[in-house]
Structure formats: C-alpha cells, structure tokens
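For any residue, its number in my numbering is found by taking its place in the sequence shown, counting from 1, and adding 33.
Heads up: the structure comes next, in structure tokens.
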Amino acid sequence: MAGIDHTRPNHSNQPHSCPNCGLSDEIRSVPAVYLAGRDTVSVPGRDGDGRPTTVTRGVTTALSAALAPAPPRAVSAVTRAAGAAGLGMLGVFATLVAIGTFIGGALGGHWFSGDGTGSAAGSEQWTTINGTPTVWINGGPSSAAAAHDSDLAFLGWISGFALLTAVLLFVLAARLAARFRAAMVGRPAAEAVWSRAWYCARCGSVHFPPADGDPTEALSLQQFRALVWEAGGYGALVAQHPAV
34 MAGIDHTRPN HSNQPHSCPN CGLSDEIRSV PAVYLAGRDT VSVPGRDGDG RPTTVTRGVT
94 TALSAALAPA PPRAVSAVTR AAGAAGLGML GVFATLVAIG TFIGGALGGH WFSGDGTGSA
154 AGSEQWTTIN GTPTVWINGG PSSAAAAHDS DLAFLGWISG FALLTAVLLF VLAARLAARF
214 RAAMVGRPAA EAVWSRAWYC ARCGSVHFPP ADGDPTEALS LQQFRALVWE AGGYGALVAQ
274 HPAV
C-alpha cells in the first residue's frame with residue numbers, strides 16, 4: 034500500500050464539523066481509522082510436529098475492513114505475486130522433468146535409431162545365443178531381452194504430461210501476474226481519494242472537507258467504498274464486497 038502522508042492540508046487539525054450530525058469531536062482521518070483497526074496477535078498453537086509454539090495472526094476490525102482502499106484480493110496482491118513466482122518455478126521444474134525424461138527415453142529406448150523399423154524382406158529364424166531365445170530377422174539378431182527398449186515408452190508419456198503441466202503452470206502464473214499488475218496500477222489513484230476523507234464516529238459516516246471535485250455530503254460506508262474503488266478502476270467489485 035502506498036504511504037499515507039499525514040502532512041497534507043487535508044489531514045491538518047483544522048476543526049470542521051460532520052455534514053451529517055454537525056459535530057466535530059469524533060472526527061478522524063480515514064487512513065488513521067483504517068490503520069488503527071489492523072493489528073497482529075500472538076496465540077498459542079502447535080507446529081507440524083505437534084510441539085507447542087506461538088502463532089502470529091493478523092486481525093482486522095469490521096470498520097477497518099469497510100474502509101479498505103481496495104478489495105481483499107488487491108490488498109493481498111503481494112501474496113498473489115509470490116504465488117505467481119511459485120507457479121513459475123514449478124513450471125520450470127516440470128519443464129526440466131519433461132526434457133530429462135524425453136532424453137532418457139530417446140537414448141535408452143533408441144526411439145530415433147531406426148532399428149526395428151520393420152522389414153518385409155529377409156528370413157526369420159529362431160536360435161539360442163548364450164541361452165537366450167533369439168529371433169534372427171533380416172540378417173540381424175533381435176533378442177527377447179531387447180524388449181526393454183519398448184518398455185521405455187512410458188517415459189514418453191511422462192515427458193508429455195510434464196510438458197503439459199509446465200504449460201498450464203506458466204499460464205496460471207501469467208494470469209496471476211496480470212491480476213497483480215492490474216490491482217497495483219489503480220491503487221495509487223484510489224488512495225489519493227481515500228486519504229482525503231474523514232470518518233465521523235458519532236454517526237458512522239464519511240465525508241470530505243470542501244474541495245474541488247469531492248462530494249460535500251456525508252457518505253455511507255458503502256457509498257464511500259464505491260467512490261474510492263471506482264477511482265482505482267475496480268468499482269465493479271463493490272457489489273461482490275459490500276462494506277457492511
């Protein structure tokens with residue numbers, strides 16, 4: 034989230050009254066109310082081995098969540114970017130698996146050697162070489178033990194599946210990265226509007242000091258959210274994330 038500049042004239046301590054209730058004793062800037070409602074707590078828990086430990090969790094009040102300058106997904110955009118990076122790394126690993134299994138199968142199974150491409154010409158005779166039944170085809174021995182070449186065909190399936198998995202992971206990583214960029218592009222514009230607002234605890238409304246371009250009437254939390262999120266370019270998500 035962009036830094037909150039409390040030195041702006043909008044955040045000065047100049048007294049003004051709420052346009053809804055007419056009082057001024059419980060008016061605080063929206064960024065201050067938002068940050069005051071976010072904290073971390075430490076609670077007892079257990080680790081993966083069942084041993085007692087302390088777990089730190091983030092807690093957010095309902096009011097702070099209602100005054101959020103962006104949707105929950107945008108708030109966790111950094112987490113999404115990390116997820117995209119993780120998917121990309123998994124995609125690289127799957128690509129290496131695909132390449133490795135393909136090379137192993139091609140070399141061990143003689144996929145491209147041209148041996149055994151079949152031949153209608155030549156005779157076929159059975160004989161025994163070192164105690165192993167062998168069929169002599171076209172003047173060359175084809176041992177039953179050599180059937181392991183065809184057994185390596187499963188490596189081709191593994192290679193193809195790993196390659197398909199890699200493609201899917203790369204696509205998912207690209208989509209997450211695109212959503213991260215989209216969320217971050219509009220965030221500064223949303224916070225520019227968000228940081229100018231004031232919250233009145235007396236009547237639970239939000240308002241702006243008289244200024245060009247800002248509404249002068251008191252706004253409900255839902256109206257304020259719609260105004261801010263529209264400025265950020267994600268106003269279509271207001272219906273999915275009601276403020277109350």
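Backbone N, C-alpha and C define an ideal beta-carbon position, used for all residues, glycine too.
Can you give me the start and stop residues for the alpha helix (DSSP H) that residue i sits inside?
i           : result
glycine 265 : 254–265
proline 64  : 63–69
serine 97   : 95–99
Between residue i and residue j, is the Cβ-Cβ spacing less than 8 Å?
i            : j            : result
glycine 121  : alanine 206  : yes
alanine 99   : valine 261   : no
glycine 189  : alanine 223  : no
arginine 90  : valine 74    : yes
arginine 220 : alanine 103  : yes
tyrosine 232 : valine 63    : yes
cysteine 54  : arginine 235 : yes
alanine 88   : aspartate 72 : Looking at the sequence itself, residue 88 is valine, so the reference to alanine does not match. Result no, Cβ atoms of valine 88 and aspartate 72 do not sit closer than 8 Å.
Please go through the same chain and pick out, in chain order, the residues whose beta-carbon is closer than 7 Å to the beta-carbon of residue i, but skip the five residues on each side of it.
i             : result
alanine 131   : Ser192, Ala195, Leu196 and Ala199
arginine 79   : Pro85 and Thr86
alanine 127   : Ala195, Thr198, Ala199 and Leu202
glutamine 255 : Pro275, Ala276 and Val277
Pull up the CB-CB distance for residue i and residue j, whole angstroms please, since I reckon it's below 8 Å.
i             : j           : result
leucine 252   : valine 239  : 5 Å
histidine 274 : proline 105 : 7 Å
histidine 49  : proline 242 : 6 Å
Which residue comes first and which comes last in the beta strand (DSSP E) that contains residue i?
i            : result
serine 238   : 238–240
cysteine 319 : Limits of the chain in this structure are 34 at one end and 277 at the other, which puts residue 319 out of reach.
Which residues in the same chain have their Cβ closer than 8 Å to the Cβ of residue i, if we skip the five residues on either side of it in sequence?
i           : result
alanine 118 : Ala206
serine 57   : Pro48, His49, Ser50 and Cys51
valine 218  : Gly266
Closer than 7 Å: is that where the CB of residue i sits relative to any heavy atom of the ligand NAP?
i           : result
leucine 270 : By its list of ligands, the structure shown contains no ligand whatsoever, and the ligand NAP lies outside what it can speak to.
Which residues in the same chain as residue i place their Cβ atom closer than 6 Å to its Cβ, once the five residues preceding and following it in sequence are excluded?
i           : result
glycine 124 : Ala199, Leu202 and Phe203
Does the contact criterion of 3 or more C-beta pairs under 8 Å hold for the region 208–228 versus the region 58–71? yes
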